[in-house]
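Under our numbering, read the sequence shown as residues 48 to 240, first letter to last.
To start, the structure under review is shown below, and the notes come after it.
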Amino acid sequence: MLEQILQIDTEMFQFINTEMSNIVMDLAMPIITSIKYWTPVYIIGFLFLFIKYRWKGLFYAFMIVLTVGIANELSSRILKELFARPRPCHTLSGDDIRLLVGCGGGKSFPSSHATNNFALATILTYYFRKSRYWFYAIAATVAFSRVYVGVHYPIDITAGAVLGTSVGFLITVLAKLIDKKWNLKPEVKQGKD
């Protein structure tokens, strides 16, 4: 059974990585998958939180960092070491893979990019619910990029999405308790969302 699942996973990887290839995604996905291109977005986001919400914004930033930090530690330091699954770029070669970024020496399961971005999307959704579709669309796109560029299998990003969402949900429970005590959640105008 496990062998069949891994075989399907490899076939799905090859479909996304090779069959779906096109010039636009070949240019976009290496940028989307790279943290260095997201760093300015994160800095602007933290500045926005501070400028718009002042000390509450600092608390939101703290909760965001806490969420992503816990998610990253669980995926990178605990689960990846536990499962020790090699990346597809370490196990596949030739026509079986198109590697668009450096392979890296880390393990594959679960994807830390997927874990971190879904954790981030979940905690941001708690604070800014009206933008939830954007948050999850970005997280899904970053996760998908990991398969497209050749460094993760689909199961890796799926597990990362589930793990990240779970961590984000648990931190959201903590945030709700803190919010109840100190009223820290941003005020939202009433209306449809």
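In this text, a Cβ means the ideal position worked out from N, Cα and C, and glycines have one as well.
Keep in mind it's a predicted model, so treat the numbers as computed, not measured.
| Query | Result |
| --- | --- |
| In or out: Ile144 buried (at least 16 other Cβ within 10 Å) or exposed? | buried |
| Could you tell me the boundaries of the alpha helix (DSSP H) in which Arg193 lies? | Arg179 to Tyr195 |
| Which first and last residues belong to the alpha helix (DSSP H) in which Tyr100 is found? | Ile82 to Tyr100 |
| For the region 159-168 against the region 198-215, are there 3 or more C-beta pairs whose distance is under 8 Å? | yes |
| For Arg132, which of Ser140, Ser122 and Gly141 has the nearest alpha-carbon? | Ser122 |
| What would DSSP say about Gly104, mapped onto helix, strand or coil? | helix |
| With 16 as the cutoff for other CB atoms within 10 Å, does Asp142 come out buried or exposed? | exposed |
| Would DSSP call Cys150 helix, strand or coil? | coil |
| Assuming contact is defined by CB atoms lying nearer than 7 Å, are Ile202 and Asp73 in contact in what I supplied? | no |
| Can you tell which of Ser155, Ile170 and Tyr107 has the C-alpha that lies nearest to the C-alpha of Ile204? | Ser155 |
| Determine, using beta carbons only, whether Val189 and Leu147 come nearer to each other than 7 Å. | no |
| How should Asn69 be labelled, buried or exposed, when 16 other C-beta atoms within 10 angstroms of its C-beta is the threshold for buried? | exposed |
| Rounded C-beta distance between Thr114 and Ala166? I'm assuming under 8 Å. | 5 Å |
| Below 8 Å on the Cβ atoms is my contact criterion, and I expect Ser192 with Thr80 to pass it. Report the Cβ-Cβ distance as a whole number of Å. | 4 Å |
| Quick check: what's the CA-CA separation for Asp240 versus Lys177? | Interpretation of Asp240 is limited by its pLDDT of 49, a score under 50 that renders its predicted location unreliable; the figure taken from the coordinates is listed afterwards. Roughly 6 Å between the two C-alpha positions. |
| Cα separation between Met110 and Gly152? | 30 Å |
| Since I believe Cys136 is in contact with Val220 (beta carbons under 8 Å), could you give me their beta-carbon distance rounded to a whole number of angstroms? | 37 Å between Cβ atoms; not a contact. |
| Met48: buried (16+ other C-beta within 10 angstroms of its C-beta) or exposed? | exposed |
| Measure the alpha-carbon distance for Gln61 versus Gly149 and round it to whole angstroms. | 18 Å |
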